[in-house]
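One line per chain: the protein sequences are B and V, in this order. Counted from 1, the first sequence has number 84 at position 84 by the UniProt record's numbering; the numbering is strictly sequential. Counted from 1, the second sequence has number 99 at position 99 by the UniProt record's numbering; the numbering is strictly sequential.
Protein chains: 2
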Amino acid sequence: MTVPDTTAVPRGRPRDAAVGHKVVETVLRLIADGTTFGDLTMEGIAREAGVGKATVYRRWASKDALLLDAMAEVDNAAMPVLPGTSFRDDLVVAVETIRRRGLAKRDSAMLRNMLTQVQSNPELWQRYHETVIAKRRAALARLIERGVATGEVRSDLGSDLELLVDFVTGPMLTRTAFRHDAPLEAGLSERIVDLILHGIAPGA
Amino acid sequence: MTVPDTTAVPRGRPRDAAVGHKVVETVLRLIADGTTFGDLTMEGIAREAGVGKATVYRRWASKDALLLDAMAEVDNAAMPVLPGTSFRDDLVVAVETIRRRGLAKRDSAMLRNMLTQVQSNPELWQRYHETVIAKRRAALARLIERGVATGEVRSDLGSDLELLVDFVTGPMLTRTAFRHDAPLEAGLSERIVDLILHGIAPGA
DNA sequence: ACGATACGAGACGCATCCGTATCGTAAACC
DNA sequence: GGTTTACGATACGGATGCGTCTCGTATCGT
Chain B
1 MTVPDTTAVP RGRPRDAAVG HKVVETVLRL IADGTTFGDL TMEGIAREAG VGKATVYRRW
61 ASKDALLLDA MAEVDNAAMP VLPGTSFRDD LVVAVETIRR RGLAKRDSAM LRNMLTQVQS
121 NPELWQRYHE TVIAKRRAAL ARLIERGVAT GEVRSDLGSD LELLVDFVTG PMLTRTAFRH
181 DAPLEAGLSE RIVDLILHGI APGA
Chain V
1 MTVPDTTAVP RGRPRDAAVG HKVVETVLRL IADGTTFGDL TMEGIAREAG VGKATVYRRW
61 ASKDALLLDA MAEVDNAAMP VLPGTSFRDD LVVAVETIRR RGLAKRDSAM LRNMLTQVQS
121 NPELWQRYHE TVIAKRRAAL ARLIERGVAT GEVRSDLGSD LELLVDFVTG PMLTRTAFRH
181 DAPLEAGLSE RIVDLILHGI APGA
C-alpha cells in the first residue's frame with residue numbers, strides 16, 4: 001500500500017526565499033531605527049520592503065508570527081568565544097559582550113520592545129525569553145559553574161546559579177539600558193568584573 | 001503705570017480638578033493593565049475615564065504631555081526611609097525597594113514603556129530619566145558616598161559613583177525585569193547585598 | 001502549450017483614531 | 001440676569017491600518 005502523500009508536491013511557481021528574507025530584514029531595520037512594535041504595521045512593512053501586502057500575509061498569519069521570525073534572526077548573531085585562559089578573562093569577555101549587544105541597535109531595540117510586551121503579549125515575551133534570553137543566561141551559568149569547579153568562585157554560592165547570573169549581568173545591562181549615552185570608558189568591563197569578583201567592601 | 005495683568009483673572013466656570021485627576025488615574029490604570037504607549041489613544045482614555053474628548057484636549061495638547069503628567073504622578077510614590085543603622089542595612093533597604101518597585105505594576109509598566117521610547121521619543125525618555133531615574137540614582141549615590149566616608153566602601157572606588165550605582169542596582173533590576181515570575185525567596189535582598197559587598201571570589 | 005502558484009500593485013469595505021466643532025447643561029463672576 | 005467658561009456627549013471630515021480580493025505578469029511542473 002502507498003503512504004498518503006503528506007509532503008504534497010508543490011505546484012506552480014515556488015516562493016522566492018529572497019522575498020521572505022527581505023521582509024524580515026525590513027522589520028529588523030524599522031525596529032532598529034526606532035519603530036515601536038505598536039507602530040509597526042503590516043502595511044508599512046510591505047511598503048518599506050517594496051513588497052505586496054498579500055505576499056506578507058501569504059507567509060505570516062499575524063504581526064506576532066512575523067516578529068517571532070525576525071526575533072530568531074537577531075539571535076543568530078553568534079555567542080562569544082571565550083578565551084578560556086582564566087575565569088576572570090572569560091567573565092570579562094562575557095560582560096564585554098553584554099556591552100556590545102547593548103550598543104547594537106538591532107539587539108537593544110528588540111530587547112526593549114520585547115520587554116514592553118511582558119504584560120500586553122506574554123506569549124511573545126515568553127518565546128523571546130526562551131529563545132534569546134534563556135540561551136544567553138544558560139551559557140553564563142555554565143561559565144559560573146566552571147568557576148565554582150576551579151575554585152575561582154566561592155563554592156557556597158553555587159546553590160543559586162540564577163542569582164549569580166543576575167549579579168553578573170545586571171550591572172552592565174543596567175548601564176546600557178539606562179545610560180545609553182554614557183561615554184565609553186576604557187577597561188569598563190574589567191572594572192565591573194573586578195567589582196563582581198571582590199565587591200565594594202574593604203578587603204578582609 | 002499699571003503692570004500688564006499677566007495673572008489674568010479667570011472668568012466663567014472654573015475647571016474641575018477632580019476631572020484632570022481622573023484622567024491621569026485612568027492613564028496609569030490602563031498602562032498598569034498592560035496597554036502599551038503605542039496602543040494608548042486619546043479617544044480610549046476619554047472613553048475609559050468617562051470624560052469628553054474635548055476635556056482631555058483642553059488640558060493636554062498631546063498624548064506626550066499627558067504621559068508626562070502621568071509619569072510625574074507615579075514618581076510621587078515616596079522614596080524609602082533608610083534605617084541608618086549601618087551601610088549594609090541601608091543598602092538592603094535600597095535593594096529591597098528596587099524589588100518592590102519591580103513588582104508594582106504601575107512602576108514597572110511605566111518603566112518598560114519608557115524604555116521603549118529611548119529611540120522613538122528621546123525627549124519623553126529624557127524627561128522620565130531626569131524626573132524619575134536620575135532622582136533615584138542620586139539618592140543611591142549619596143548612600144554610597146556615605147559608605148565611602150565611613151570606610152564601609154573601599155575608598156579607591158569613589159571616583160566613579162555612577163558605576164557603583166549600576167553595580168548596586170543592576171542585579172535586582174535585572175532580576176525583576178527578566179524574571180518577573182521568579183519566586184519570592186526569603187532574604188533575597190540581603191543575599192544580593194552581600195554579593196555586592198564581598199563579590200563572588202573566594203575570600204583573600 | 002497549459003494549469004497552478006507567486007509576485008507587486010492597488011482597490012475594496014470596515015474599523016478606529018485624529019483633532020475640531022456643536023450641542024445642552026452646569027457653575028462661576030459681574 | 002447676563003456673560004463666560006467647563007463639562008459630557010456626539011458628530012464631523014480626514015487619515016490610516018485592517019484583511020481580502022482582483023488585476024497583469026512571472027515562473028514553476030507537466
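Beta carbons: idealized from backbone N, C-alpha and C, even for Gly.
For this session: For Ile196 of chain V, return the contacting residues in chain B, with the cut-off set at a CB-CB distance below 7 Å.
Result: As a first step, residue 196 of chain V is located in the second sequence; it is residue number 196 there, counting from the start. Neighbours of Ile196 of chain V on chain B, chain order: Gly199 and Ile200.
Exercise. Which residue spans inside the segment 102-128 of chain B form an unbroken alpha helix (DSSP H) run of at least 4?
Worked result: 105-120 and 122-128
Exercise. What residues in its chain sit with their C-beta under 7 Å from that of Met110 of chain B, if we drop five residues either side in the sequence?
Worked result: Within the first sequence, numbered from 1, the residue matching residue 110 of chain B stands at position 110. Hits under 7 Å: Ile31, Met71 and Val74.
Exercise. Among V:Ala104, V:Arg146 and V:Arg15, which has the Cα closest to the Cα of His180 of chain V?
Worked result: Numbered from its first residue, the second sequence carries residue 180 of chain V at position 180. Nearest option by C-alpha distance: V:Ala104.
Exercise. How would you call Val81 of chain B, buried or exposed, if buried means at least 16 neighbouring beta carbons within 10 angstroms?
Worked result: Working through the first sequence from its first residue, we reach residue 81 of chain B at position 81. So Val81 of chain B ends up on the exposed side.
Exercise. At a cut of 8 Å, does the segment 83-101 of chain B reach the segment 34-54 of chain B through at least three beta carbon pairs?
Worked result: no
Exercise. Distance, Cα to Cα, Val118 of chain B vs Leu115 of chain V?
Worked result: In the first sequence, the residue the question calls residue 118 of chain B occupies position 118. In the second sequence, the residue the question calls residue 115 of chain V occupies position 115. The straight-line gap from Cα to Cα measures roughly 13 Å.
For this session: List the endpoints of the continuous alpha helix (DSSP H) containing Met42 of chain V.
Result: One-based indexing of the second sequence puts residue 42 of chain V at position 42. Where Met42 of chain V is concerned, the enclosing alpha helix (DSSP H) stretches over Met42 to Ala49.
Exercise. So is Thr116 of chain B in contact with chain V if we call contact Cβ pairs under 8 Å?
Worked result: Counted from its first residue, the first sequence places residue 116 of chain B at position 116. Yes - at least one Cβ of chain V is within 8 Å of the one on Thr116 of chain B.
For this session: Just confirm the distance between the C-beta atoms of Leu124 of chain V and Asp64 of chain V, as a whole number of angstroms; I'd bet it's less than 8 Å.
Result: Walking along the second sequence from the start, residue 124 of chain V turns up at place 124. Walking along the second sequence from the start, residue 64 of chain V turns up at place 64. The pair is a contact, with the Cβ atoms about 6 Å apart (cut-off 8 Å).
Problem set entry | Any non-hydrogen atom of the ligand GTP closer than 7 Å to Asp156 of chain V Cβ | As for the ligand GTP, it is missing from this structure, which has no ligand bound.
Exercise. Can you check whether the CB of Pro171 of chain B is closer than 8 Å to the CB of Phe167 of chain V?
Worked result: Walking along the second sequence from the start, residue 167 of chain V turns up at place 167. Walking along the first sequence from the start, residue 171 of chain B turns up at place 171. Contact flag set, yes.
Problem set entry | Cutoff 8 Å: His21 of chain B Cβ touching any chain V Cβ | Mapped onto the first sequence, residue 21 of chain B falls at position 21. No, His21 of chain B lies away from the interface with chain V (no Cβ there is under 8 Å from its Cβ).
For this session: Please classify His180 of chain V: does DSSP put it in a helix, a strand, or coil?
Result: In the second sequence, residue 180 of chain V corresponds to position 180, counting from 1. DSSP places His180 of chain V in coil when its eight states are reduced to three.
Problem set entry | Where Ala61 of chain B falls, given that 16 or more other Cβ within 10 Å makes a residue buried | In the first sequence, residue 61 of chain B corresponds to position 61, counting from 1. Exposed, because fewer than 16 other Cβ atoms sit within 10 Å of the Cβ of Ala61 of chain B.
Exercise. Should Ala183 of chain V be flagged as near chain B, meaning a C-beta pair shorter than 8 Å?
Worked result: Counting from one through the second sequence, the residue named residue 183 of chain V turns up at place 183. Reading off the sequence, residue 183 of chain V comes out as Pro, not Ala. Output row for Pro183 of chain V: interface = no.
For this session: Please confirm whether Leu173 of chain B and Leu164 of chain B have their CB atoms less than 8 Å apart.
Result: Along the first sequence, one-based indexing puts residue 173 of chain B at 173. Along the first sequence, one-based indexing puts residue 164 of chain B at 164. Taking 8 Å as the Cβ cut-off, Leu173 of chain B and Leu164 of chain B do not qualify as a contacting pair.
Exercise. If we ignore side chains and look at the alpha-carbon of each, how far apart do Ala149 of chain B and Ile133 of chain B end up?
Worked result: Along the first sequence, one-based indexing puts residue 149 of chain B at 149. Along the first sequence, one-based indexing puts residue 133 of chain B at 133. For Ala149 of chain B and Ile133 of chain B, the distance between alpha carbons rounds to 24 Å.
Problem set entry | Closest by C-alpha distance to Arg58 of chain V, when choosing among V:Arg136, V:Pro122 and V:Arg15 | Indexing the second sequence from 1 puts residue 58 of chain V at position 58. The shortest Cα separation from Arg58 of chain V among V:Arg136, V:Pro122 and V:Arg15 belongs to V:Arg15.
Exercise. If you run the structure through DSSP and keep just helix, strand and coil, what is Pro171 of chain B?
Worked result: Counting from 1 along the first sequence, the entry for residue 171 of chain B is found at position 171. Pro171 of chain B: helix per DSSP, three-state reduction.
Exercise. Among the residues of its own chain, which have a CB less than 6 Å from the CB of Ser108 of chain V, if the five just before and after it don't count?
Worked result: Along the second sequence, one-based indexing puts residue 108 of chain V at 108. Closer than 6 Å at the Cβ level, and outside the excluded window around Ser108 of chain V, lie Gly102.
Exercise. Under a CB-based cut-off of 8 Å, is Thr41 of chain B close to chain V?
Worked result: Counted from its first residue, the first sequence places residue 41 of chain B at position 41. False, the Cβ-Cβ gap to chain V never drops below 8 Å.
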